[in-house]
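The sequence shown runs 34 to 354 under our numbering.
Using N, Cα and C, we set each Cβ at its ideal position, and we do this for glycine too.
Here the structure is laid out as structure tokens; the discussion comes afterwards.
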Amino acid sequence: MHLQLVVFFVVVFSQSSCFLQQLSAILSETPFTTLWANIAKSLENSRCFWYECCLETHVKFNITGLEKSLNQRLYGQHLVSRTVLPALKAHFSSTTSKALSIYKYGMKSTFVHYFIGGYHFPDRKLVDVYKQQLREWIKGNVSTCQYSLFIFDEVDRMPPGVLDAIKPFLEYTQMVDGVDFTKSIFIFLSNVGGSDIAKYVYDVWKQGLPRESVTLQDLESIMYPVIFNENSGFQFSELISNHLIDHFVPFLPLERVHVKSCVYDQLKRRSVQLDATTIDEILKTITYFPNEAQIFSSSGCKRIAQKVELFIVDVLGNDEL
34 MHLQLVVFFV VVFSQSSCFL QQLSAILSET PFTTLWANIA KSLENSRCFW
84 YECCLETHVK FNITGLEKSL NQRLYGQHLV SRTVLPALKA HFSSTTSKAL
134 SIYKYGMKST FVHYFIGGYH FPDRKLVDVY KQQLREWIKG NVSTCQYSLF
184 IFDEVDRMPP GVLDAIKPFL EYTQMVDGVD FTKSIFIFLS NVGGSDIAKY
234 VYDVWKQGLP RESVTLQDLE SIMYPVIFNE NSGFQFSELI SNHLIDHFVP
284 FLPLERVHVK SCVYDQLKRR SVQLDATTID EILKTITYFP NEAQIFSSSG
334 CKRIAQKVEL FIVDVLGNDE L
């Protein structure tokens, strides 16, 4: 009896942290309930000291930290702050009183799953294969940790139909095949509708109104038809037609003043100071649109770090870096 139990510990302990929770339930039927439960808990804590586990110490929710990060590092995106923070508060309010932060290991967490549309789903002929693989991947990982995060980037480059594979996981509030998906988060990133959003914000600018006057309701009426009908991952998607996406969060095109803030951020990270003239020279290397007004950065704050580095080397020289 004891030998079999030890062998079972060695084999399963190295594969799944869930085993110890199951073991506690099994051992609760023995006369030594408290002893066995304490042993199981002690072993679980020992493992989780070295490895990431789906525990409160590793998946800690701290909304204050997230709010601070958005306020300090996200420029010109009032709709993001107004939508994301309340959405996350609502999502976790029924499951924990803790505040939302990031996973202990951030994007390197084993509970964060990142997909790139054009890389992971390149062949339009393999939609059915992708759907099956995606269903199995999501179900398997949520079985391991119900607080899993799934990020789908470049949805506009995904074959239409692939994302319909996750419809059952979003549609039902009850368990699916014994797995609870209600605590997981799904994020979709796409450029679809970006030009339409930029045009709307430009019209607002021409009227002399502040960009903060743009509301989510203003843009949703623009985004929905484009997202649903454009030839991309969401084309004719049941996630859209069945209203399974809780929140659409549009990112507005960045103006010169926002890009300037990104430049200052990069200089701060490098502990370097440049004069105002040099910073203006950096901003001149950015391409702006539309042609008649040159208001918005065509690349946002992308490649700002590389551009700043070039000017640092040019102004200060390699010897002073």
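Assigned with DSSP and collapsed to three states, residue 197 falls in helix.
In the DSSP assignment, residue 291 falls within the alpha helix (DSSP H) that extends over 289 to 302.
When the beta-carbon positions are compared, residue 112 and residue 99 stay at least 8 angstroms from each other. The beta strand (DSSP E) runs lying completely inside the region 134 to 201 and spanning 3 residues or more are 145 to 149, 182 to 186, given in chain order.
The closest CA to that of residue 303, considering only 154, 191, 344, is found on 344. Of 272, 282, 280, the smallest CA-CA separation from residue 199 is found for 272.
With contacts defined as CB atoms closer than 8 angstroms, residue 186 and residue 226 fail to qualify as a contacting pair. In the DSSP assignment, residue 214 falls outside any beta strand (DSSP E) and carries neither an H nor an E. Residue pairing from DSSP leaves residue 341 without any beta-bridge partner.
Under the three-state reduction of DSSP, residue 234 is assigned to helix. No residue range can be given for residue 269, since it is assigned to no alpha helix (DSSP H) and is classified by DSSP as neither H nor E. In this structure residue 291 is buried. Its beta-carbon is surrounded by 16 or more other beta-carbon atoms within 10 angstroms. Under the three-pair Cβ rule at 8 angstroms, the region 230 to 239 does not count as touching the region 187 to 197.
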